[in-house]
DNA sequence: GCCGTTTTCGGCCCGACTGTTTTCAGTCG
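In my numbering, the protein residues as written are 3 to 565.
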């Protein structure tokens with residue numbers, strides 16, 4: 003909800019300002035922790051009775067939150083904000099400049115924002131400060147140019163192929179024994195800040211050389227014995243860490259993160275008089291595998307997707323997560339009848355090649371004119387064509403469906419008579435995606451409660467890094483979905499990933515059904531399923547709640563699949 | 001500022017790399 007986001011931003015900003023002002027790092031961390039908790043919170047913070055129930059939120063923060071909810075303002079935040087030039091927060095974003103330098107530049111060189119930092123670099127003002135040599139200023143100038151031109155974090159689906167290409171290249175370098183990606187990529191986060199690659203090799207020098215000399219590298223930022231960092235032409239930062247084979251597990255654990263997961267893990271080690279770092283767990287000397295380290299700390303192996311310090315340490319055993327191989331159907335796909343690039347038969351062949359038992363053809367409804375949405379008459383003919391194709395292919399069941407628009411007022415884009423002819427109805431919002439949260443909730447609620455709707459497709463309509471999409475009240479939707487036996491979609495397209503991870507978790511906890519679909523338009527789109535599987539893991543979806551696990555009989559047997 | 005199966009006070013993760021020093025501060029992840 004946007005109140006949660008607004009408050010999270012306020013706490014993040016307070017943390018940064020406190021850092022610049024030289025306050026205790028623990029106080030800074032406490033504020034960051036509150037910000038994170040608010041970001042992850044699915045329910046609307048303004049509807050909560052006691053916010054101190056949120057881990058990390060204590061008395062002091064609770065008072066501030068209440069102050070904001072009651073008055074629309076937070077006195078302490080405004081005082082803090084007014085105590086430094088507003089532009090200093092941007093200066094913190096420059097790589098290599100941390101809180102100490104920001105404060106020094108501000109107080110001793112009149113730097114108040116990015117522009118005045120640029121001026122201070124150019125006119126030599128910074129060179130007069132202590133510990134500011136030629137090289138440091140050069141680095142700041144370069145980082146500054148990058149901040150001035152760079153944009154958002156990279157989407158998971160854009161970063162993964164880059165990482166794989168680099169790994170494919172490096173694993174052929176002489177001496178390399180193991181190489182893999184770690185970091186937020188391994189955790190399947192929806193966006194990636196940088197790519198982390200971990201390797202062990204018998205020839206460190208050769209690997210470092212090969213890495214820093216890749217064609218795609220525009221700048222080498224650091225090159226040490228065990229750590230190299232480069233920036234690619236695309237602007238993406240890639241870090242390479244080299245470790246001994248025998249310490250690969252400890253290193254993998256450490257470099258996969260998240261930072262918050264690691265901190266809690268190390269704290270657990272300390273309470274057992276042990277010490278955990280990227281080289282192993284001491285004094286028991288365990289380092290080869292992640293499993294062994296978790297085990298010695300009295301924990302089950304924790305899947306990478308949930309290593310966010312959001313309650314995963316409460317797991318008594320490793321959760322039985324859904325894998326790519328478990329998925330045996332896709333219930334949201336397009337053909338050339340609307341805006342897809344495959345015929346019904348080609349779609350079916352793709353599904354057969356992946357070992358699916360069922361594929362649903364769900365072309366767009368009439369309102370999607372730009373996507374060649376089908377008017378009722380064409381849809382009726384399309385249903386006939388799908389039935390014919392289904393009869394001619396024994397290896398797979400082809401369902402006649404449609405991705406039907408949920409119109410802004412919550413009604414559907416086809417009348418009930420036509421909807422009743424379909425095996426499966428995926429109802430999705432496509433237009434009016436800037437509605438108020440209340441309108442969005444009512445709109446989606448109407449679709450969830452419609453007796454002929456099976457799945458709500460990409461419920462918020464967001465496009466990562468581009469469009470915020472709807473902001474409905476998720477707990478309300480989840481409760482209604484559970485009650486009406488309507489599944490919520492996990493759209494696996496890496497630009498969508500909708501529902502998002504925290505919403506998926508809320509859906510699982512609220513008992514609603516989920517369906518991970520690729521929304522395929524082209525053959526390659528089926529491969530996006532892997533991003534949906536990451537999301538399924540991050541949401542801890544269990545097999546019984548994922549309709550993609552259902553056997554054919556459960557999906558068919560009537561004009562409405564019996565979920 | 002937050003937290004507690006040792007604690008309501010005293011802790012709060014840990015190491016690599018850089019650039020500047022001549023033993024280390026600052027930044028990053």
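Yeah, the Cβ is synthetic: ideal placement off N, Cα and C, and Gly gets one too. The structure displayed is predicted, hence computed values, not measured ones.
- By the C-beta criterion, the segment 91-106 is judged not to be in contact with the segment 31-41, since fewer than 3 inter-stretch pairs fall below 8 Å.
- The Cβ atoms of residue 530 and residue 432 lie no closer than 8 Å to each other.
- Going by beta carbons, residue 514 and residue 538 fall outside the 8 Å limit.
- Judged by beta-carbon spacing, residue 491 lies within the 8 Å limit of residue 460, meaning their Cβ atoms are closer than that value.
- At the C-beta level, residue 88 and residue 59 stay beyond 8 Å of one another.
- Runs of the beta strand (DSSP E) lying entirely within the segment 272-357 and spanning at least 3 residues, in chain order: 277-279, 282-284.
- Around the beta-carbon of residue 453, fewer than 16 other beta-carbon atoms lie within 10 Å, marking it exposed.
- In the DSSP assignment, residue 366 falls outside any alpha helix (DSSP H) and lies within the beta strand (DSSP E) extending over 360-366.
- Under the DSSP assignment, residue 18 falls in the alpha helix (DSSP H) whose first and last residues are 4-22.
- By DSSP's assignment, residue 532 forms no beta bridge with any residue.
- Between residue 362 and residue 332 a beta carbon distance of about 7 Å is seen, short of the 8 Å cut, so the two are scored as contacting.
- Residue 375 sits buried, since 16 or more C-beta atoms from the chains shown fall within 10 Å of its C-beta.
- At the C-beta level, residue 488 and residue 450 come within 8 Å of one another.
- With contact defined as three or more Cβ pairs closer than 8 Å, the segment 348-365 and the segment 323-340 are in contact.
- DSSP, read as helix, strand or coil, puts residue 498 in coil.
- Around the beta carbon of residue 468, fewer than 16 other beta carbons sit within 10 angstroms, so the residue counts as exposed.
- Residue state for residue 403 is assigned as strand, using DSSP reduced to three classes.
- Proximity to residue 186 across 283, 24, 263, 372 peaks at 263, based on C-alpha coordinates.
- Closest in C-alpha terms to residue 92, from the list 45, 347, 311, 119, comes 119.
- Counting every other CB atom within 10 Å of its CB across the protein chains shown gives residue 174 a total below 16, marking it as exposed.
- Separation of residue 278 and residue 473 (C-alpha to C-alpha, rounded to the nearest whole angstrom) is 41 Å.
- Per DSSP, reduced to three states, the secondary structure at residue 205 is coil, with no helix or strand assignment.
- Secondary structure of residue 245 (DSSP, three-state): coil.
- At the C-beta level, residue 381 and residue 420 come within 8 Å of one another.
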